[in-house]
Structure formats: structure tokens, C-alpha cells
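Residue numbers (the working numbering), protein chains in the order written: chain A, 1 to 216; chain B, 217 to 432; chain C, 433 to 648; chain D, 649 to 864.
Structure record follows, encoded as C-alpha cells.
4 protein chains.
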Amino acid sequence: MSAATVTTVPATVRATVPVGEGATVARRGRPRDARCDEAILHATLEMLNEGGAGSVSIDGVAARAGVGKATIYRRWSSKEALLLEAMGTDTRALESPDLGSLRADLEAYFWALLDRLKANPNTDLLPHLIEAACYDAEVRNSLDEYVSSRQKPLRVILRRAQQRGEMAANVDLKVIVDVLVGPLFYRRLLTGDRLDRAYVNKLLDIVLSPALLLVP
Amino acid sequence: MSAATVTTVPATVRATVPVGEGATVARRGRPRDARCDEAILHATLEMLNEGGAGSVSIDGVAARAGVGKATIYRRWSSKEALLLEAMGTDTRALESPDLGSLRADLEAYFWALLDRLKANPNTDLLPHLIEAACYDAEVRNSLDEYVSSRQKPLRVILRRAQQRGEMAANVDLKVIVDVLVGPLFYRRLLTGDRLDRAYVNKLLDIVLSPALLLVP
Amino acid sequence: MSAATVTTVPATVRATVPVGEGATVARRGRPRDARCDEAILHATLEMLNEGGAGSVSIDGVAARAGVGKATIYRRWSSKEALLLEAMGTDTRALESPDLGSLRADLEAYFWALLDRLKANPNTDLLPHLIEAACYDAEVRNSLDEYVSSRQKPLRVILRRAQQRGEMAANVDLKVIVDVLVGPLFYRRLLTGDRLDRAYVNKLLDIVLSPALLLVP
Amino acid sequence: MSAATVTTVPATVRATVPVGEGATVARRGRPRDARCDEAILHATLEMLNEGGAGSVSIDGVAARAGVGKATIYRRWSSKEALLLEAMGTDTRALESPDLGSLRADLEAYFWALLDRLKANPNTDLLPHLIEAACYDAEVRNSLDEYVSSRQKPLRVILRRAQQRGEMAANVDLKVIVDVLVGPLFYRRLLTGDRLDRAYVNKLLDIVLSPALLLVP
DNA sequence: GCATAAGCGAGACGGTACGTCGAGTCTTACT
DNA sequence: AGTAAGACTCGACGTACCGTCTCGCTTATGC
């Protein structure tokens with residue numbers, strides 16, 4: 001599971017040394033200074049919280065972190081790669097609650113998600129990254145991985161519901177996930193409408209209730 | 217009705233002259249050259265199709281349109297305002313089909329939407345505009361208006377279904393809209409998964425069918 | 433003669449607009465702001481006097497002059513072109529004294545030259561420009577022109593001496609100039625030995641006196 | 649004679665180990681690898697001939713020589729120190745021909761000098777070193793020493809001429825040297841005019857001939 | 001008819017950020 | 001200790017846009 005956390009931000013964005021498989025590789029040269037990573041990410045997050053993604057510049061991060069620009073570019077190939085990893089800092093995988101019923105599990109999941117969003121309001125990088133992903137394949141990949149890591153607990157929940165018999169076994173989980181998660185992103189990115197527990201409840205009412213549609 | 221089309225891109229982005237109410241005002245000075253508007257928008261769309269929103273620059277548009285930069289800024293307050301209007305060129309309101317059943321109407325609506333998306337693949341400005349809307353209130357407003365104009369036919373369809381008795385009257389239409397539209401945007405912006413008629417069908421199956429969930 | 437002063441730093445280094453021949457060209461667009469030229473050159477000279485050619489950077493000049501970097505690059509194609517022109521500021525052509533005798537004229541010329549050198553000790557750009565001329569043809573040309581403009585008064589003096597019959601008419605003036613000027617540059621650039629009136633006197637003694645060499 | 653070659657580039661540039669006087673000191677640790685010296689100098693000269701002093705970078709030299717940068721800095725205190733020594737490789741002292749007459753000796757000396765210059769046209773480091781000497785005292789010293797080592801044979805020739813009675817004994821040799829050598833450097837560094845035997849002849853005609861100036 | 005006002009192409013202007021490069025120092029593990 | 005590798009700070013480079021601002025000119029209205 002620690003592995004899961006790590007893979008949240010995949011190797012693709014990290015301009016990592018092509019580290020050999022075996023642990024015996026014994027890389028040569030001066031090793032990267034971990035304190036630099038830390039300082040850079042810290043500075044990035046600070047600036048992110050102060051002014052959003054638009055106010056983060058490589059120059060600025062370098063200055064604040066007390067680090068040369070080259071040191072940043074040695075680690076991340078672009079501003080977006082950096083943002084992605086900075087964001088990843090907060091991407092501790094969400095848990096997959098197991099409360100016995102689909103509805104309860106989903107509620108728990110979404111509530112946790114809402115809390116996560118509320119925690120760092122300015123740090124909403126998604127708009128920036130979505131834009132960046134259009135031009136940068138690396139960001140595209142990382143974003144995909146981020147998304148799928150976010151979906152993972154949801155899939156666990158749904159699969160469990162299927163096993164419990166709460167949900168049809170032949171449903172395409174992918175689509176269900178879209179239906180559950182899509183509305184939230186839609187509000188967050190496009191309409192800006194409120195995202196709170198009341199909304200989650202309504203949403204689940206609609207998606208889960210067979211009574212929604214009048215039976216003719 | 218023509219007004220409806222126009223308001224798709226609201227006055228906010230247009231740095232319009234505070235045009236007097238009566239038609240008799242007859243503003244003084246040399247009138248704006250309509251061919252400029254045309255040339256600018258044309259150049260913008262061209263560049264948009266060639267390299268996406270990132271490759272559009274005011275300098276570039278001005279050069280290609282054979283126009284001074286001031287002539288652009290006289291009409292649009294920022295690069296995003298211009299993009300928004302260029303996009304609006306294609307934002308002829310979608311129709312609200314009335315085929316007798318909710319399912320059929322929704323299918324028709326979504327198919328038209330899919331066609332629209334397929335038509336100009338590179339011109340997908342949404343990512344750029346979502347990003348811009350974070351920093352620019354004008355863009356925010358215009359985006360909202362764009363979104364709501366897109367939703368309008370959907371709401372018409374749903375309301376009709378309620379009147380027909382196909383759908384419960386007390387359902388919050390807003391949420392239904394989210395559930396119907398959110399998944400599409402989610403795929404388009406985040407997962408990049410295929411958007412085709414098959415997907416629309418699955419989506420409608422899930423959202424519309426009361427039999428989807430097993431009744432315990 | 434005012435022309436002479438101007439041509440000291442030739443058009444080559446100036447990234448000038450390809451101004452048409454006739455005065456009627458009526459250049460379009462916003463004209464260059466002469467105050468920028470002034471501010472840039474002033475800042476350059478200041479930094480030059482503070483720390484020599486090595487301490488001048490485009491960034492620094494731009495900052496001190498309160499000017500964008502592009503504004504500098506619009507006028508000069510490189511740091512050296514700028515230095516060259518800044519140096520040219522001080523390149524009021526030396527005069528050609530006419531005191532009646534070759535010796536007296538040369539003494540007057542060299543004394544003026546020494547004064548000029550003493551005036552701005554830190555501003556000795558020659559080493560830097562000589563180096564730059566190796567890689568930059570423009571600088572090469574400008575340097576040549578600078579050199580020849582410095583030599584001009586000397587040539588006048590020598591020609592006058594020939595006319596007066598003080599000097600053989602068939603001597604290659606170019607070589608004489610080398611012999612007179614070369615030693616000074618040699619000291620200035622390479623040996624660093626003192627350059628004062630005493631030295632000039634010794635130099636002239638050797639070059640001018642037929643009694644220097646014992647007649648066999 | 650090997651000693652002569654070595655002193656051409658003085659100890660100052662070499663960041664030499666403070667080697668003890670006695671040969672018995674027997675320094676501890678791994679001794680320096682002489683092949684490194686060789687490889688570094690070789691790489692330096694290669695790059696020098698390919699693109700002049702401007703194209704030599706420590707990183708580049710290290711890479712081409714297959715050597716760590718530290719290994720270079722352990723031996724030379726700066727890029728210029730390295731260049732200086734690389735140049736020194738070619739600074740086998742010029743000989744002092746003794747052909748019986750001042751004129752013949754000088755001709756022989758200058759011809760040898762011309763050959764030396766022609767041999768490696770791209771490797772003309774002088775401009776670079778003169779520039780560097782402005783900011784770096786070590787380079788300054790080394791350059792001085794280089795210059796004086798070049799002058800040495802000339803001084804021998806002149807002294808011999810004085811002893812032979814060909815030249816007045818009370819002439820300041822330093823100035824004569826300036827007059828003989830200055831013009832060559834002046835052409836080489838500033839005017840770029842041709843340097844060939846014809847020029848040397850003219851030069852000697854002027855400097856040596858008492859008939860140059862008409863006797864009034 | 002002729003001033004007044006605005007539009008227009010061109011392009012200069014102050015800024016800000018970009019990504020790259022080089023110098024000289026420092027830190028590994030290996031020899 | 002020396003060595004190869006390479007990370008580190010610092011600072012400059014030249015470029016690209018942004019949005020604003022002059023220019024000289026053109027084109028309309030309105031007195």
C-alpha cells in the first residue's frame with residue numbers, strides 16, 4: 001500500500017535517473033540532495049496556496065527554495081511536472097470504507113473527498129493540469145494515473161457491492177464511476193456550483209434509487 | 217431567438233463600445249471595420265486548429281490577420297475573451313429534439329453533441345478556458361453562460377419528460393443535468409476515454425433504468 | 433567633421449531599421465524613444481566605470497536604465513555592440529595639431545591620447561572588444577573603424593610633414609603609423625608598462641632621430 | 649632547455665601541490681595520474697583549434713578528455729590558467745639567431761615568429777588572455793611572463809648588436825623592443841592587416857634606417 | 001468645407017518568465 | 001589521497017508574449 005501511494009505520481013514526470021533494476025547498481029557521481037527536493041516542493045506548495053497555479057513560476061520557486069533553476073529542471077521537466085508532484089504530495093490514496101452497504105460506503109468516500117477539496121482551496125491545480133495535459137504527453141500520463149488512483153477506492157467499493165449482490169454483476173463499472181464522479185468534477189470545473197454533503201446525497205439518490213424514474 | 221444565439225457569448229467579454237440605446241445615436245468618428253472582426257476571428261480559428269489554444273498568441277493573430285494589436289484589444293479585453301468568442305462562432309445553440317420519449321430525446325441531444333465535438337477536435341478550448349476562468353472573472357462569467365446555454369436544451373427535454381409524466385416532478389433537474397452531462401465532461405477533460413454512441417447508450421441505461429440496481 | 437565623429441561607431445553595430453534612402457520614407461509604427469537610447473548608454477557607462485566590461489550585463493543595464501531587455505536588443509545585437517557604442521560616446525575624434533614641426537605635432541597628439549586614456553581608466557574596453565571581435569564580425573568591423581578613426585589625425589600630421597619636406601615622400605605611412613601607435617598598444621594591452629610623457633619622448637627619439645643608429 | 653620550456657608558463661597558474669624542496673618528501677596518497685594532464689591538454693588544444701578560445705568550456709574539456717572536472721581544477725585554478733598552459737605547449741622559446749648583423753638577426757627572429765603564428769591560426773589565444781588578464785591577477789602575471797619570454801631572444805639580439813657597436817649603447821632596449829614588437833601585435837590584434845615578410849622588411853627599414861628622415 | 005473624433009497598421013515599450021549554459025565548488029563511491 | 005561522475009549555486013543569456021502606448025494615416029460624422 002505504501003507502493004500505491006508512491007505510484008500516485010508516476011515515474012514518467014520525474015526526470016529520474018534511469019535507475020537500474022537491481023539494488024546493486026550503485027549509482028555514480030554525487031547523489032541528489034533530498035533536501036533540495038523537499039525545499040522545492042515546499043516552496044511550490046507555499047506559492048500554490050498563496051496565489052494558485054498561475055502564480056507559480058520556476059524562477060520564483062528557485063528563489064524561494066534557495067536553489068538554482070537547473071536543480072529544478074534536473075528533477076522535473078516542466079513546471080507542470082513539478083506541480084503534479086507537489087499536488088501528489090497531498091494525494092495520499094483515499095481509503096475504501098467498508099461499512100456494509102453500497103450507499104454508506106459511497107457516502108463515506110465522497111465525504112472524505114469533499115474534505116480533501118475543502119482543505120486546500122487555492123491549491124486546485126486541476127484546471128491548470130488539464131490545460132497542460134493538452135500539450136504535454138507526460139502531464140497527460142500523470143494526470144491519467146492520478147485520476148485512476150483516485151478512482152481506485154471507488155472501484156473497490158463498487159466491486160464489493162457487486163459481490164454482496166447489491167448491484168448487478170454485469171454493469172460496466174467504468175461507466176458507473178463516470179456517473180458517480182463526473183458530476184462532481186463538472187461542478188468543480190465548469191459550473192462552480194456548491195459541492196457539499198447535501199449535493200452528494202441528492203446525487204446518490206438519483207444514481208442509486210430505482211424509484212427515480214416512474215415506472216410506466 | 218437570434219438573440220439567444222448571440223447571448224451565447226455574453227457582452228461581458230466583448231469590450232464593446234457603450235452603444236447608446238436608441239439606434240439614432242450615430243456614434244462619431246470612423247466606424248469599426250467589420251472586415252477586421254472577421255479577419256481576426258478567422259486567423260484565431262486557424263491557429264486554434266493548427267496548434268490548440270496554447271499556440272494562439274495575440275501577436276500571431278495580429279500578424280496573420282494583417283491587423284494591428286490595438287485593433288484586437290479594442291474589441292476583446294484579453295486573449296481569452298477572443299478565444300471565447302472564436303469558440304462561440306461554433307456555439308450555435310443545440311436544439312431540443314422532441315421525439316416523444318425521454319430516452320429518444322436524450323439520445324438525439326447527445327448525438328448532436330458528439331457530432332459537434334468531433335467536428336473540431338483541435339479546437340477544444342475548454343481546458344484552456346477552465347484554466348483562464350480561475351484568474352479572470354470575465355472568462356468565468358462567459359464560461360458560465362456558455363455552460364448554461366449548452367444545458368438549456370437538456371433542461372427543456374427534462375421538463376417535457378416531467379410534464380409527460382415520464383419523470384418524477386420533484387426531482388432536482390440541476391442534479392439530473394449534472395448526472396447526464398458530468399460523465400461526458402469527465403471523460404473529455406480527465407480520462408480521455410472514448411466518447412461515442414455506445415457510451416451514451418450505456419450512460420443512459422444506467423441513469424434512466426430503474427432495473428439497473430437489484431432490488432434486495 | 434561632425435560626420436567624422438558619428439561614423440566613429442559605424443552603422444554596422446546598430447541594429448538599425450533599414451531606413452530608406454530618401455528622407456521621405458516616413459517610417460511607420462511608433463518611433464523609437466530617444467530617451468531610451470540615452471538611459472541605456474548612460475547605465476552602460478556607469479556600470480563600465482564601476483567594474484569594467486566584465487561587470488556589464490544586459491540584465492543589469494536594463495534594470496538600471498529602467499528599460500526592458502527587448503528594448504536593448506532592438507537597438508544593439510549584442511552586448512559588445514552596446515559597449516562599442518558606449519565607448520564611442522567618448523570617441524570624439526582627436527584633433528590634428530598643426531604646430532609647425534613633426535615632433536611637436538606628434539607630441540601634442542600623443543599627449544592628448546594619454547589624457548584620454550587617463551580620463552577613464554576603468555572604461556578600457558579594448559581588451560574586451562578585441563576578444564569579442566574574434567567571434568563577431570560586426571564587432572570586428574566596428575573595431576576597425578574605431579581604430580582607423582583614431583589613426584586619422586596621425587595620418588594628417590604625417591602627410592603634413594611630408595609636404596613640409598620633413599619626411600621622405602615615399603615612406604609607407606601605414607607602417608609609420610604602426611611604428612608610432614603599436615608600441616603604445618603593446619604596453620597598454622600586454623606589458624602593462626607605464627604610459628607617460630617620458631615614454632612618448634623616448635619613443636619619438638627612437639623613431640624620429642636619424643642619429644639613433646650609429647652609422648657604420 | 650626543457651627548463652626553458654617549462655618556465656614559459658610560470659608556476660603561478662599551476663595549482664601545484666606545495667611540493668617540498670627535498671626530493672625525499674614522498675607525498676602521501678595516490679599520486680596524480682600523468683595521463684590525465686596529457687588528456688586534458690590534448691582535449692583543450694583540440695577544442696581550441698576547432699572553435700577558438702570561446703568554444704572551450706571546462707565541462708567540454710572534461711567530457712572530451714574523459715576526466716572529472718575536479719581533476720582539472722586540481723591542476724589549474726581557472727579556465728584561463730588551463731588555456732595559458734595549453735598555449736604554452738607551443739611556446740618553445742624562440743631562438744636568438746646570431747648571423748653577424750643586427751638586420752639579419754632581426755629578420756631571422758621575425759620570420760620564425762611569423763611561422764609560429766601561421767602554424768596555428770585558430771589557436772590565437774592572445775585576445776582571450778588579454779581580456780582575462782584584466783580580471784585575473786594570475787593570468788596577468790602569466791601573460792607578463794609569456795611576453796617577456798618572447799622578448800628574451802630579441803633582447804639578446806639587440807644586446808649583441810650593441811656589443812658589436814652596431815647600435816648605440818645608451819639606448820633603452822625596452823623601448824626598442826616595443827618599437828619592434830608593438831607594430832606586429834598592433835596589426836595582429838587591432839587592424840588585422842597582413843603580417844608577412846614584406847611587412848617585416850618595411851618595418852625594419854623604418855626602424856633601422858637613419859636615412860628615413862630627411863636631414864634638414 | 002473643415003474641424004473633430006475614432007479606427008487603423010505598425011511597431012516600440014516595460015515586464016515577466018522561459019529554458020539553457022557555463023563557472024567553480026562539493027559530495028559520492030571506487031581505486 | 002586521486003579519480004569519474006555528476007549534483008549544487010549563481011548569474012547571464014537571448015526569446016517570447018502580454019497588454020499598453022505612440023506614431024502617421026484614413027474615414028466617417030457634424031458643425
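All residues carry an ideal CB built from backbone N, CA and C; glycine is no exception.
1. Residues in the same chain with beta-carbon distance under 8 Å from C/Arg619, minus the five sequence neighbours each way, listed in chain order, please.
2. Compute the beta-carbon to beta-carbon distance between B/Ser317 and B/Val372, rounded to the nearest angstrom, for a pair I have assumed lies under 8 Å.
3. Pull up the CB-CB distance for C/Val493 and C/Ala475, whole angstroms please, since I reckon it's below 8 Å.
4. Does the region 566–577 of chain C come close enough to the region 783–800 of chain D that 3 or more CB-CB pairs lie under 8 Å?
5. Look at the Cβ atom of D/Leu852, then the Cβ atom of D/Arg751, and state whether they are nearer than 8 Å.
6. Measure the alpha-carbon distance for A/Ala161 versus A/Met167 and round it to whole angstroms.
7. For A/Gly182 and A/Ala169, what's the separation of their Cα atoms in angstroms?
8. Please go through the same chain and pick out, in chain order, the residues whose beta-carbon is closer than 6 Å to the beta-carbon of B/Leu310, but skip the five residues on each side of it.
9. I want to verify the contact list: residues of chain D whose CB lies under 9 Å from the CB of C/Gly486, in sequence order.
10. So if I threshold CB-CB distances at 8 Å, which residues from the region 180–196 of chain A count as touching chain B?
11. For A/Pro127, which residues in chain B fall below 7 Å Cβ to Cβ?
12. What does a CB cutoff of less than 7 Å around D/Glu728 pick up in its chain, not counting 5 residues either side in sequence?
13. Between the beta-carbon of B/Asp253 and the beta-carbon of B/Arg280, is there less than 8 Å?
14. Quick one: grab the DSSP three-state call for C/Ala455.
15. Run through DSSP, which three-state label would B/Asn450 get?
16. Determine the chain D residues that contact C/Val579 at a beta-carbon separation under 8 Å, and present them in chain order.
17. Near B/Phe326, which residues of its chain fall below 6 Å by C-beta distance, leaving aside the five closest residues on each side in sequence?
18. Cβ closer than 7 Å: which chain D residues qualify as neighbours of C/Val607?
19. Under 8 Å, Cβ to Cβ, is there at least one residue of chain A near B/Asp321?
20. With DSSP as the reference, label A/Gly29 as helix, strand or coil.
21. List, in chain order, every chain C residue whose beta-carbon is nearer than 8 Å to that of D/Leu791.
22. Taking C-beta pairs closer than 7 Å, name the residues in chain B that A/Asp172 reaches, listed in chain order.
23. Got a sec? Which residues, its chain only, sit under 6 Å from B/Gln367 by beta carbon, not counting five neighbours each side?
24. If you draw a straight line from the alpha carbon of C/Thr698 to that of C/Leu605, how long is it in whole angstroms?
25. Please report the straight-line C-alpha distance between C/Gln595 and D/Val823, rounded to a whole angstrom.
26. Check whether chain A comes within 8 Å of B/Asp314, counting only Cβ atoms and requiring the distance to be less than that.
27. Which residues in the same chain have their Cβ closer than 8 Å to the Cβ of D/Leu806, if we skip the five residues on either side of it in sequence?
28. Please classify B/Ala384: does DSSP put it in a helix, a strand, or coil?
29. May I have a chain-ordered list of the alpha helix (DSSP H) segments no shorter than 4 residues that lie completely inside the region 572–637 of chain C?
30. Check whether the Cβ of D/Asp707 lies closer than 8 Å to any Cβ atom in chain C.
31. Helix, strand or coil for B/Ser271 per DSSP?
32. Hey, out of C/Val579, C/Lys501, C/Glu539, C/Ile472, whose CA is closest to C/Leu515's CA?
33. Please work out which residues of its chain come closer than 7 Å, Cβ to Cβ, to A/Ser55, disregarding the five sequence neighbours upstream and downstream, and give them in chain order.
This is what the structure holds:
1. Counted from its first residue, the third sequence places residue 619 of chain C at position 187. Counting only Cβ-Cβ distances below 8 Å, and skipping sequence neighbours, we find Asp625, Arg626, Leu627, Tyr631.
2. Residue 317 of chain B sits at position 101 when you count from the first residue of the second sequence. Residue 372 of chain B sits at position 156 when you count from the first residue of the second sequence. 15 Å between Cβ atoms; not a contact.
3. Here the question's residue 493 of chain C lines up with position 61 in the third sequence. Here the question's residue 475 of chain C lines up with position 43 in the third sequence. The Cβ separation is near 5 Å, so the contact holds.
4. no
5. For this step, residue 852 of chain D is matched to residue 204 along the fourth sequence. For this step, residue 751 of chain D is matched to residue 103 along the fourth sequence. Yes, Cβ-Cβ distance for D/Leu852 and D/Arg751 is below 8 Å.
6. Stepping through the first sequence from its first residue, residue 161 of chain A is reached at position 161. Stepping through the first sequence from its first residue, residue 167 of chain A is reached at position 167. One Cα belongs to A/Ala161, the other to A/Met167, and the distance between them is close to 6 Å.
7. As a position in the first sequence, residue 182 of chain A is number 182, starting the count at 1. As a position in the first sequence, residue 169 of chain A is number 169, starting the count at 1. If I take the Cα positions, the gap works out to 22 Å.
8. Taking the second sequence and counting its residues from 1, one reaches residue 310 of chain B at position 94. So the qualifying residues of the chain are Ala328, Pro369.
9. By 1-based counting over the third sequence, the position of residue 486 of chain C is 54. The answer, in chain order, is Glu779, Cys782, Tyr783.
10. Val181, Gly182, Pro183, Leu184, Phe185, Tyr186, Arg187, Leu189, Leu190, Thr191, Gly192, Asp193: these are the residues of the region 180–196 of chain A whose beta carbon lies less than 8 Å from some beta carbon of chain B, given in chain order.
11. Here residue 127 of chain A refers to the residue found at position 127 of the first sequence. Within chain B, the residues near A/Pro127 are Ile346, Glu347, Cys350.
12. Numbered from its first residue, the fourth sequence carries residue 728 of chain D at position 80. The residues are Leu777, Ala780, Asp784, Val787.
13. Translated into positions along the second sequence, residue 253 of chain B becomes position 37. Translated into positions along the second sequence, residue 280 of chain B becomes position 64. Going by C-beta atoms, B/Asp253 is not nearer than 8 Å to B/Arg280.
14. As a working note, residue 455 of chain C is residue 23 in the third sequence. Because the pLDDT at C/Ala455 is just 45, under 50, the model does not fix this residue reliably, and the value given afterwards should be weighed accordingly. Residue state, collapsed to three classes: helix.
15. Not covered by the structure: residue 450 of chain B. The range shown for chain B is 217 to 432.
16. Looking up residue 579 of chain C in the third sequence gives position 147. Here the neighbours are Leu838, Thr839.
17. Translated into the one-based positions of the second sequence, residue 326 of chain B becomes position 110. Here the set comprises Val416.
18. Your numbering for residue 607 of chain C matches position 175 in the third sequence. Residues of chain D with a Cβ closer than 7 Å to the Cβ of C/Val607 are, in chain order, Lys850, Leu851, Ile854.
19. By 1-based counting over the second sequence, the position of residue 321 of chain B is 105. It does not; no Cβ of chain A falls within 8 Å.
20. Taking the first sequence and counting its residues from 1, one reaches residue 29 of chain A at position 29. The answer is coil: DSSP assigns A/Gly29 none of H, G, I, E or B.
21. Here residue 791 of chain D refers to the residue found at position 143 when the fourth sequence is read from its first residue. Result: Leu622.
22. By one-based count along the first sequence, residue 172 of chain A stands at place 172. Neighbours of A/Asp172 on chain B, chain order: Lys418.
23. Counting from one through the second sequence, the residue named residue 367 of chain B turns up at place 151. The residues are Val393.
24. This structure cannot speak to residue 698 of chain C, because chain C is shown only from 433 to 648.
25. To locate residue 595 of chain C, count along the third sequence from 1; it is residue 163. To locate residue 823 of chain D, count along the fourth sequence from 1; it is residue 175. So the alpha carbons of these two residues sit roughly 29 Å apart.
26. For this step, residue 314 of chain B is matched to residue 98 along the second sequence. Chain A has no Cβ within less than 8 Å of the Cβ of B/Asp314.
27. Here residue 806 of chain D is taken as the residue at index 158 of the fourth sequence, counted from 1. Around D/Leu806: Leu750, Met815, Leu821, Ile824, Val825.
28. By 1-based counting over the second sequence, the position of residue 384 of chain B is 168. Looking at B/Ala384 - three-state DSSP - the assignment turns out to be coil, as it is neither helix nor strand.
29. 605–618
30. The count along the fourth sequence starts at 1 and reaches residue 707 of chain D at position 59. Not one chain C Cβ lies under 8 Å of D/Asp707.
31. Along the second sequence, read from residue 1 onward, the residue named residue 271 of chain B stands at position 55. Three-state DSSP puts B/Ser271 in a helix.
32. Residue mapping note: residue 515 of chain C aligns to position 83 of the third sequence, counting from 1. Checking every option, the nearest Cα to that of C/Leu515 belongs to C/Ile472.
33. Indexing the first sequence from 1 puts residue 55 of chain A at position 55. Met47.
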